[in-house]
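K.L.:
As you go down the protein sequences, you meet chains L and W in turn. Mapping of the first sequence onto our numbering: position 139 corresponds to residue 139, and the numbering continues sequentially without gaps. Counting from 1 along the second sequence, just add 1000 to a position and that's the residue number in our numbering.
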Amino acid sequence: MLDPLARLGRAGIDTLEQIGRGHLLLLGILSGFADLARRPRLLIAQLYAVGVLSLLIVAVSGTFVGMVLSLQGYYILSQFGAEQTLGVMVAASLVRELGPVVAALLFAGRAGSALTAEIGLMAATEQLSGLEMMAVNPVKRILAPRFLAGFISMPLLAAIFSALGVVGGYFVGVGLLGVDDGAFWSQMQAKIDLQGDVRNGVIKSLVFGFVCTWIALFQGYYAVPTAEGVSRATTRTVVHSSLAVLGLDFILTALMFGD
Amino acid sequence: MASVGEPLVKIRDLHYSRDKNHIFKGVDVDIARGGVTAVMGPSGTGKTTLLKLIGGQLYPDSGTIHIDGQDVHKMKTSDLYRLRMRMGMLFQSGALLTDISVFENVAYPLREHTPLPESMIRKLVLLKLEAVGLRGARDLMPSELSGGMARRVALARAIALDPGMIMYDEPFTGQDPISMGVLVKLIRSLNDASRLTSIVVSHDVQETAGIADYIYLISDGKVVDQGVPEKMMDSRSEWSRQFMKGLPDGPAAFHYRAPELEQDLMG
Ligand SMILES: Nc1ncnc2c1ncn2[C@@H]1O[C@H](COP(=O)(O)OP(=O)(O)OP(=O)(O)O)[C@@H](O)[C@H]1O
Ligand SMILES: [Mg+2]
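1. Along the segment 132-166 of chain L, what residues have a CB closer than 9 Å to any CB found in chain W?
2. I want to see whether chain L comes within less than 7 Å of R1084 of chain W, judged by CB atoms only; does it?
3. Got a list of residues with beta-carbon closer than 7 Å to any non-hydrogen atom of ligand 2, in chain order?
4. CA-CA distance, E1170 of chain W and V1200 of chain W?
5. Considering just the uninterrupted stretch of the beta strand (DSSP E) at S1237 of chain W, what are its terminal residues?
6. Could you check where the beta strand (DSSP E) with M1087 of chain W kicks off and where it finishes?
7. Within the 7 Å Cβ cut-off, does I19 of chain L reach chain W?
8. Could you give the residue range of the alpha helix (DSSP H) that holds V88 of chain L?
9. Can you have a look at K1128 of chain W and say buried or exposed, based on whether 16 or more other CB atoms are within 10 angstroms of its CB?
10. Indicate whether the contact test is met: 3 or more Cβ pairs, each with one atom in the segment 1096-1115 of chain W and one in the segment 1147-1162 of chain W, closer than 8 Å.
11. Taking the beta strand (DSSP E) that N1021 of chain W belongs to, which residues open and close that run?
12. In chain order, which continuous runs of the alpha helix (DSSP H) of length 4 or greater are located wholly inside the segment 17-94 of chain L?
13. Does any heavy atom of ligand 1 sit closer than 6 Å to the C-beta of S54 of chain L?
14. Shortest alpha-carbon distance to L55 of chain L belongs to which of L:G22, L:A223, L:A124, L:A163?
15. Ignoring anything shorter than 3 residues or poking outside the segment 1158-1187 of chain W, list the beta strand (DSSP E) runs there in chain order.
16. Cα separation between W185 of chain L and V174 of chain L?
17. Would A6 of chain L pass as an interface residue toward chain W - the criterion being a Cβ-Cβ separation below 7 Å?
18. Give a yes or no on whether the C-beta atoms belonging to F161 of chain L and G99 of chain L are separated by under 7 Å.
19. Where does H1203 of chain W fall in DSSP's three states?
20. Looking at the C-beta of E97 of chain L, does it have a partner C-beta in chain W at a distance below 7 Å?
21. Could you name the residues of the same chain whose beta carbon sits closer than 6 Å to that of N1191 of chain W, not counting the 5 residues immediately before and after it, in chain order?
22. Kindly indicate if chain L contains any beta-carbon less than 7 Å away from that of L1097 of chain W.
23. Per DSSP, which residues does T1037 of chain W bridge with? Please list them.
24. Counting contacts by CB-CB distance shorter than 7 Å, is Q269 of chain L in contact with chain W?
25. Look at the alpha carbon of G165 of chain L and the alpha carbon of A158 of chain L, and state the distance between them as a whole number of angstroms.
26. Out of curiosity, what's the CA-to-CA distance linking G9 of chain L and L16 of chain L?
27. Just to confirm my understanding: we take L1096 of chain W, look at its own chain, exclude 5 residues before and 5 after, and list those with CB closer than 7 Å. What are they?
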């Protein structure tokens, strides 16, 4: 039996080892980008699998979130007679927070889990070993295009989420609740700032895309190569990604809007 | 290039363990150039593990593996990959890429490592598939193949680049008698026609003894016997005779290490 101190030590070493492996894997992936320039088709296929296939869920969710924001916002704002600023409220919440964060959570659930399962199964069925023996580096050929695809898709998905959210908010606010059409848009135009709001939102979603895809690929690549191992890895991807997104969002928000 | 008489693969005092499972306890094996060397042994003795060690996918605890005079486990990654280009490996499971067709699987190494034009790739792939009798299955997906067919496609892929050395992990398992005969002939003729070096891992004593030039018997982490096939059949070692003739009784155990059955059943 291990005494508690030894167990704590072991857990610490295991964690450090995982972190080390994760970073080595990331280095391997990044060094695969040079190859990718010569094989753009690999990237395009993954942009479709990771990005385009996530489009529907992101678009629908964005619309509904915008509609709900508008309903809730109107309820509060109208108590102060400020319903003219509904557009600003909806757009700012979406661009600064909900767009990057919710899109990233959906991305982890839709694309991240799929990536982990795919890579994990490829490992379990020896396909990755097979590639290695064919002198093809699976980290460069299989992981790198998926990573880049995730990194590129995330900000685009977040932008689509926010844009459709604004449209959803517009329909509810202006269409249903009778907020003035001109005020909705002009207030938004005046108050939403390209630097402070939009750029920071994009930075957030770039960070989230990076982290979520990294976690998904890491979990898949180092999954225990069995059915159970892959299923656990898939769950871990969603849990770890979600926590990472929410935690990083707090840190980034504090850094960007904290002063 | 080392001299022709030198073995292509030289394994010396190889030790390897997985967790607490000591798989190799000092193995010495020489794989002769241009010959078919068979590695046989009971299930679970580490034959697949040995091939992965030779391919540089696993690292030994101690001991060395030299291929063509170079230490596989001390090479730079880029050199290792260059070496693997001259090595074919038939995986026990086939290890085909499941999201592309049979044709594309066999074409994969060609597309990766050669600048050949599409028309040439097509010809080569069809020739390799013809050799394993699956030219007609070129448009199937790997999920639509039987286990034996998948293994044969994997063989076609392993020989696609005309490697200098091929490792076959259980090539005969799951083959019907006809395919089996064809495969046995194919492995032998590949070897003789292109001066290939082949390592065959198998349980099928008859077939393997039929094509091998030299046989290593591995059990319990050690080479227990070695020699040319004829000698192995009536080896001095009782253990080898039992294994080669497939007799149930003798010094070799059919069971994985376990307590006595009665004791286990009674709890
Ligand atoms: N991924 C793994 N993790 C832990 N132990 C393993 C793993 N793979 C194999 N082993 C162990 O290593 C030993 C050798 O396995 P290996 O697959 O090399 O056997 P083998 O000789 O090829 O058997 P078979 O003839 O049935 O294919 C076995 O005892 C097995 O329990
Ligand atoms: Mg095996």
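Backbone N, C-alpha and C fix where the C-beta goes; we use that ideal spot for every residue, glycine too.
P.N.:
According to the structure data:
1. E132, M133, M134, A135, V136, N137, R141
2. yes
3. W:K1047, W:T1048, W:Q1092, W:D1169, W:E1170, W:V1201
4. 7 Å
5. From DSSP, S1237 of chain W is part of no beta strand (DSSP E); its letter is neither H nor E.
6. 1087-1090
7. no
8. 86-92
9. buried
10. yes
11. 1021-1031
12. 33-38, 40-46, 55-79, 86-92
13. no
14. L:A163
15. 1165-1169
16. 10 Å
17. no
18. yes
19. coil
20. no
21. V1036, S1198
22. yes
23. W:I1199, W:Y1214
24. It is not possible to answer for residue 269 of chain L, since the shown part of chain L is limited to 1 through 259.
25. 10 Å
26. 11 Å
27. N1105, P1142, A1150, V1153, A1154
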